[in-house]
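*Asks:*
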Amino acid sequence: MVNKLTIIQQIKAHKKNAKLNYKLKQDAQLFTKELFNTLFNYPNDLDADLDRLEKLFEDLVELACWEIDKKCSKVWDDYVAELPEILRMLNLDAEAIYKNDPAAESIEEVYLAYPGFYAVAIYRLSHALYQKGFPIVPRLMTEYAHHVTGVDINPGATIGEHFFMDHATGIVIGETAVIKNHVKLYQGVTLGALSVTKELESVKRHPTIEDHVTIYANATILGGETVIGSNSIIGGNVWLTKSVPPYSLVSHKPEILIRELEK
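Residue numbers (the numbering used here): 14 to 276.
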């Protein structure tokens, strides 16, 4: 017969992180959804919505701020003051998608149906918290967007204005990546690191993408010193670990063999 008390004692003995509470993950997802809805629902009662968000944020502070000296409770006022600027940038992202994708029939379709827009929206909302040193919640926000859209953007990445991800699924953007203005990425693009050793934690590990660069599907660009010069085009399936100058066209030409099967 199973000794339930013994099993409970053994499980408790193996619980090494007394701070871990999965309610934090659930609450972070709720905060993320409410934050997005507050910015984009219309009409809505912004005064009531912001009050509700502040209460949700207070709950996150209780769960996430294990270190008292972080003063997480002081973050909200500064963060909420940044929301108008974040919304301005997201409107530019939506316009970039609408103008660059002939399949987009209306700007409303972009806001409601495009996974690339949702992913960049949650990234921008999480990035502002990341910059303030608010612990773990920014990552939970972008991981929620990753789960919903298939787009993995670390909240530490730096992304400029008019950002366009077409189809978006499978895109990976690392923590120290820098993406400047008017950049277009297609599905499956990876902006990653050459090495993932823990010693590189505070080092720029991911590439820099200059203005007006287009990177086509499944291209992989790696390394903190790798810079893709402005107005360049990186073709599909390209693998890059070194910089390219501005106005470059980089392509990958696979060998394709076709033979006739016996009839």
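For each residue, glycine too, the CB sits at the ideal point set by N, CA and C. For clarity, every value in this text was computed on a predicted model and none was experimentally measured.
Among the candidates ALA230, ASN244, GLY242 and LEU125, whose CA atom is the shortest distance from the CA of TRP252?
*Replies:* Among ALA230, ASN244, GLY242 and LEU125, the Cα nearest to that of TRP252 belongs to ALA230.
*Asks:* With contact counted as at least three CB pairs below 8 Å, one residue from each stretch, are the segment 148 to 156 and the segment 72 to 83 in contact?
*Replies:* Contact holds: three or more Cβ-Cβ distances are below 8 Å.
*Asks:* Evaluate THR210 with the Cβ neighbour count: other Cβ atoms within 10 Å of its Cβ, from every protein chain shown; 16 or more gives buried, anything less gives exposed.
*Replies:* It is exposed - the Cβ of THR210 has fewer than 16 other Cβ atoms within 10 Å.
*Asks:* Can you look up THR239 in the DSSP assignment and give me helix, strand or coil?
*Replies:* THR239 falls in the coil class under three-state DSSP.
*Asks:* Here's the rule: buried if 16 or more other CB atoms are within 10 angstroms of the residue's CB, otherwise exposed. What is TYR55?
*Replies:* With fewer than 16 Cβ atoms within 10 Å of its Cβ, TYR55 is classed as exposed.
*Asks:* Looking at the secondary structure, which residues open and close the alpha helix (DSSP H) in which TYR157 lies?
*Replies:* Start and end: 150 to 162.
*Asks:* Between the segment 156 to 167 and the segment 29 to 37, do at least 3 Cβ pairs fall closer than 8 Å?
*Replies:* Result no; under three Cβ-Cβ pairs closer than 8 Å.
*Asks:* Does DSSP put ASP224 in a helix, a strand or coil?
*Replies:* Looking at ASP224 - three-state DSSP - the assignment turns out to be coil, as it is neither helix nor strand.
*Asks:* Would you check if the distance between the CB atom of ASN194 and the CB atom of HIS219 is smaller than 9 Å?
*Replies:* No, these two residues do not count as a Cβ contact at 9 Å.
*Asks:* Compare the beta carbon distance of PHE44 and LEU63 with 9 Å and say whether it is the shorter of the two.
*Replies:* Cβ distance not < 9 Å, so PHE44 and LEU63 don't count as in contact.
*Asks:* Could you tell me the alpha carbon to alpha carbon distance between GLU121 and GLN200, rounded to whole angstroms?
*Replies:* Going from the Cα of GLU121 to the Cα of GLN200 covers about 22 Å.
*Asks:* Taking TYR124 and ALA107 to be in contact with their CB atoms under 8 Å, please state how far apart those CB atoms are, rounded to whole angstroms.
*Replies:* Indeed, because the Cβ distance is near 6 Å, the residues count as touching under 8 Å.
*Asks:* Please report the distance separating the alpha-carbon of VAL216 from that of LEU198.
*Replies:* Each residue's Cα considered, the two are about 24 Å apart.
*Asks:* Ordered along the chain, which non-local residues of its own chain (more than five positions away) have a Cβ less than 7 Å from that of ARG137?
*Replies:* Around ARG137: ILE99, MET102 and LEU103.
*Asks:* Which residue or residues does DSSP assign as beta-bridge partners of ILE246?
*Replies:* In DSSP, ILE246 forms a bridge with THR227 and LEU262.
*Asks:* What first and last residue would you give for the beta strand (DSSP E) that runs through ASP62?
*Replies:* Taken as a continuous stretch (DSSP letters only), ASP62 belongs to no beta strand (DSSP E), being part of the alpha helix (DSSP H) at 59 to 77.
*Asks:* How about ILE166 and ILE184: do their beta carbons lie closer than 9 Å?
*Replies:* Against a cut-off of 9 Å, the Cβ pair of ILE184 and ILE166 comes out as a contact.
*Asks:* Please classify ASP165: does DSSP put it in a helix, a strand, or coil?
*Replies:* Here ASP165 sits in strand by DSSP.
*Asks:* With 16 as the cutoff for other CB atoms within 10 Å, does ILE21 come out buried or exposed?
*Replies:* ILE21 comes out exposed.
*Asks:* Is the separation between the beta-carbon of ASN250 and that of VAL226 shorter than 9 Å?
*Replies:* No. Outside cutoff.
*Asks:* Go to GLY129, then tell me how far its alpha helix (DSSP H) extends in each direction, as first and last residue.
*Replies:* 128 to 144 is the span of the alpha helix (DSSP H), which, as asked, contains GLY129.
*Asks:* Please report the straight-line C-alpha distance between LYS255 and ILE222, rounded to a whole angstrom.
*Replies:* If I take the Cα positions, the gap works out to 12 Å.
*Asks:* Rounded to whole angstroms, what is the Cα-Cα separation between PRO168 and PHE53?
*Replies:* C-alpha separation (whole angstroms): 21 Å.
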